[in-house]
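A.B. asks: Can you keep this structure in mind? I'll have questions shortly.
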Amino acid sequence: MKFMIFSDASDLSKQIMTYLRGKGDFFLYTTEDRPELLSYGATKVTVLKGDQTPESLSSFLSSEFKSNGFDSIFIASSVIGRDVASYLAQSLGLKAVPEIYDVSINGSNVKTKRYGLGGKVVLEEESDAKIFTFIPGISDDNPSGGNSPSESKEIQKGRVTITAVKPKKGREVDLEKASIIVSVGRGLGKKEGIQQIEPFVKMVKGELAGSRPVCLDYKWLSEDRQVGYSGRKVKPKIYIALGISGQIQHIAGMRDSKIVIAVNKDKSAPIFQEADYGIVGDLYQVVPKIMSYL
Ligand SMILES: Cc1cc2nc3c(=O)[nH]c(=O)nc-3n(C[C@H](O)[C@H](O)[C@H](O)COP(=O)(O)OP(=O)(O)OC[C@H]3O[C@@H](n4cnc5c(N)ncnc54)[C@H](O)[C@@H]3O)c2cc1C
Numbered sequence: 165m166k167f168m169i170f171s172d173a174s175d176l177s178k179q180i181m182t183y184l185r186g187k188g189d190f191f192l193y194t195t196e197d198r199p200e201l202l203s204y205g206a207t208k209v210t211v212l213k214g215d216q217t218p219e220s221l222s223s224f225l226s227s228e229f230k231s232n233g234f235d236s237i238f239i240a241s242s243v244i245g246r247d248v249a250s251y252l253a254q255s256l257g258l259k260a261v262p263e264i265y266d267v268s269i270n271g272s273n274v275k276t277k278r279y280g281l282g283g284k285v286v287l288e289e290e291s292d293a294k295i296f297t298f299i300p301g302i303s304d305d306n307p308s309g310g311n312s313p314s315e316s317k318e319i320q321k322g323r324v325t326i327t328a329v330k331p332k333k334g335r336e337v338d339l340e341k342a343s344i345i346v347s348v349g350r351g352l353g354k355k356e357g358i359q360q361i362e363p364f365v366k367m368v369k370g371e372l373a374g375s376r377p378v379c380l381d382y383k384w385l386s387e388d389r390q391v392g393y394s395g396r397k398v399k400p401k402i403y404i405a406l407g408i409s410g411q412i413q414h415i416a417g418m419r420d421s422k423i424v425i426a427v428n429k430d431k432s433a434p435i436f437q438e439a440d441y442g443i444v445g446d447l448y449q450v451v452p453k454i455m456s457y458l
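The numbering of the sequence shown is my numbering, which starts it at 165 and goes up by one.
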């Protein structure tokens, strides 16, 4: 099998290359010029320079796909990656399966796995799709050594012109640099719970973070404190998860934490599989108890 990979994020390029290693020959096309990407076993790494709009990138990738006889296209699920996948599916007339975390290809029969219903179910699907977007966290980032040949290609400007680039509103917190993170989930139950947890966060000299429902749906915390697949990827020395169930999309953002401590009143919560230390109990009872020992 001969696979084309497109990624505009080096951490996702590394995960996809690690995942695909041993399954076929893969060629990485990336907008990131990083020498470390050459040591993941790609047959070739092509660095895409010039115009970086999804339309221009996909127009280039589409002609590469046609002229190189690739079997499938794997795309890192980023804002640009998801756009590129749609353009390619349309221009090449190929089926696409988005947001997968597992795939097995047997001739034209492809089995994929992805999450549905907000992460509550796994969809195992069979199709003849050839384009896939991969969610972050599908595998560890494991270099194989070696030095893949590389080249640069200049992408020609397409129909879309970027007229201005405005910086996003500054972040409230730099969670990526925090060495202790106290992260709260829906189990907090109410917005006022934040004030009850803050003294504990201060006591352990940590930063406050949250799961997606807390940051995005209920807005108990700002969006830049969301940890997970669609939030921040953090790697603190200690990650304390309070009332977080541990769905894969949350784990994708904190699995590199050194020590994970979880408090959850449900002893079968998946977060305990990630945790080094687990406390089964009500966070509103457990947290004051821990504080009384500190
Ligand atoms: C495309 C996509 C992207 C996503 N990206 C993200 C992301 O970046 N980050 C993210 O977090 N999620 C993300 N999600 C959502 C994810 O699937 C889960 O829905 C979410 O992580 C669940 O958040 P939670 O653990 O806070 O809530 P729940 O799953 O509802 O878990 C709450 C937990 O609290 C426990 N609990 C309740 N009360 C207490 C108490 N008093 N004391 C102790 N424990 C208690 C319960 O037992 C339960 O385990 C994404 C989903 C999709 C589809």
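No residue lacks a Cβ here, since even glycine has one placed at the ideal position from N, Cα and C. All values reported here derive from a predicted model rather than from experimental measurement.
Between T194, S291, D430, R198, which has its C-alpha nearest D215's C-alpha?
C.D. replies: Measuring from the Cα of D215, the nearest candidate turns out to be T194.
A.B. asks: Using DSSP's beta-bridge definition, name the partner residues of T194.
C.D. replies: According to DSSP, which records beta bridges pairwise, T194 is partnered with S171, V211.
A.B. asks: Which residue's Cα is closest to the Cα of T182: Q320, F298, Q254?
C.D. replies: Answer by Cα proximity: F298.
A.B. asks: Give me, in chain order, the residues of the same chain whose beta-carbon lies closer than 8 Å to that of Y393; leave out the 5 immediate sequence neighbours on both sides.
C.D. replies: Excluding positions up to five away in sequence, the list reads I299, P300, G301, I412, Q413, H414, A416, G417.
A.B. asks: Mapping the DSSP letters down to three states, classify F224 as helix, strand or coil.
C.D. replies: In this structure, F224 counts as helix in the three-state DSSP scheme.
A.B. asks: Whose C-alpha, out of Y251, V243, Y265, is nearest the C-alpha of Q179?
C.D. replies: Measuring from the Cα of Q179, the nearest candidate turns out to be Y265.
A.B. asks: Within its chain, find whatever has a CB closer than 7 Å to the CB of Y441; leave out the 5 residues flanking it on each side and keep chain order.
C.D. replies: If we look at Y441 and ignore the five residues flanking it on each side, its Cβ neighbours are I425.
A.B. asks: Across the segment 260 to 280 and the segment 201 to 212, are there enough close Cβ pairs to call them in contact, namely three or more that are closer than 8 Å?
C.D. replies: The segment 260 to 280 is not in contact with the segment 201 to 212.
A.B. asks: Leaving out five residues on either side along the sequence, give the residues of the same chain with a beta carbon under 7 Å from the beta carbon of V378.
C.D. replies: For V378, where only same-chain residues beyond five positions count, the Cβ hits under 7 Å are V348, G349, R350, L352, W384, L385.
A.B. asks: Is the CB-CB distance between S171 and A249 below 7 Å?
C.D. replies: Taking 7 Å as the Cβ cut-off, S171 and A249 do not qualify as a contacting pair.
A.B. asks: Could you give the C-beta distance for I402 and I344, rounded to a whole number, given that I count them as a contact under 8 Å?
C.D. replies: Going by Cβ atoms, the distance from I402 to I344 rounds to 5 Å, so yes, they are a contact pair.
A.B. asks: Given 6 Å as the limit, tell me if A426 has its C-beta closer than that to any heavy atom belonging to ligand 1.
C.D. replies: For ligand 1, not one heavy atom lies less than 6 Å from the Cβ of A426.
A.B. asks: Do the segment 352 to 369 and the segment 303 to 321 touch if we need at least three Cβ pairs shorter than 8 Å?
C.D. replies: Result no; under three Cβ-Cβ pairs closer than 8 Å.
A.B. asks: For the beta strand (DSSP E) that S303 lies in, which residues bound it at each end?
C.D. replies: Premise fails: S303 is in no beta strand (DSSP E) and is neither H nor E.
A.B. asks: Could you pull the DSSP bridge partners for S456 from this structure?
C.D. replies: S456 pairs with nothing; no bridge assigned.
A.B. asks: Is any heavy atom of ligand 1 found at a distance shorter than 6 Å from the C-beta of I361?
C.D. replies: I361: no, Cβ never under 6 Å from ligand 1.
A.B. asks: In the DSSP assignment, find the unbroken beta strand (DSSP E) run with Y441 in it and report its ends.
C.D. replies: Segment 441 to 444, the beta strand (DSSP E) holding Y441.
A.B. asks: In this structure, how does DSSP classify K317 when only helix, strand and coil are distinguished?
C.D. replies: If DSSP states are grouped into helix, strand and coil, K317 belongs with the strands.
A.B. asks: State buried or exposed for P218, treating a residue as buried only when at least 16 other CB atoms are found within 10 Å of its CB.
C.D. replies: That one is buried.
A.B. asks: For I319 versus L212, is the C-beta distance shorter than 7 Å?
C.D. replies: For I319 and L212, yes; Cβs fall inside 7 Å.
A.B. asks: For the beta strand (DSSP E) containing I408, list its first residue and its last residue.
C.D. replies: I408 -> no beta strand (DSSP E), and no H or E assigned at all.
A.B. asks: Going by alpha carbons, who is nearest to E356 out of Y448, F167, S220?
C.D. replies: The candidate whose alpha carbon is nearest that of E356 is Y448.
A.B. asks: To the nearest whole angstrom, what separates the beta carbons of F296 and S220, a pair I think is in contact under 8 Å?
C.D. replies: No, F296 and S220 are not in contact; Cβ-Cβ is about 22 Å, not under 8 Å.
A.B. asks: Quick one: what's V391 bridged to in DSSP?
C.D. replies: Answer is R396, bridged to V391.
A.B. asks: The alpha helix (DSSP H) with P363 in it runs from where to where?
C.D. replies: From DSSP, the alpha helix (DSSP H) with P363 extends over 357 to 367.
A.B. asks: Go ahead and label Q359 buried or exposed: buried means 16 or more other beta carbons lie within 10 angstroms of its beta carbon, across all protein chains shown.
C.D. replies: Exposed is the call here.
A.B. asks: Looking at K277 and V496, is the spacing between their C-beta atoms short of 7 Å?
C.D. replies: It is not possible to answer for residue 496, since the shown part of the chain is limited to 165 through 458.
A.B. asks: Would A433 be called buried (16 or more neighbouring beta carbons within 10 Å of its own) or exposed?
C.D. replies: Under this definition A433 is a buried residue.
A.B. asks: Could you check where the beta strand (DSSP E) with V248 kicks off and where it finishes?
C.D. replies: V248 -> not in any beta strand (DSSP E); alpha helix (DSSP H) instead, spanning 243 to 256.
A.B. asks: Using the three-state DSSP reduction, which class does E438 fall into: helix, strand or coil?
C.D. replies: Helix.
A.B. asks: Is P377 near ligand 1 - that is, is its Cβ less than 6 Å away from at least one heavy atom of it?
C.D. replies: Yes, since a heavy atom of ligand 1 falls inside the 6 Å radius drawn around the Cβ of P377.
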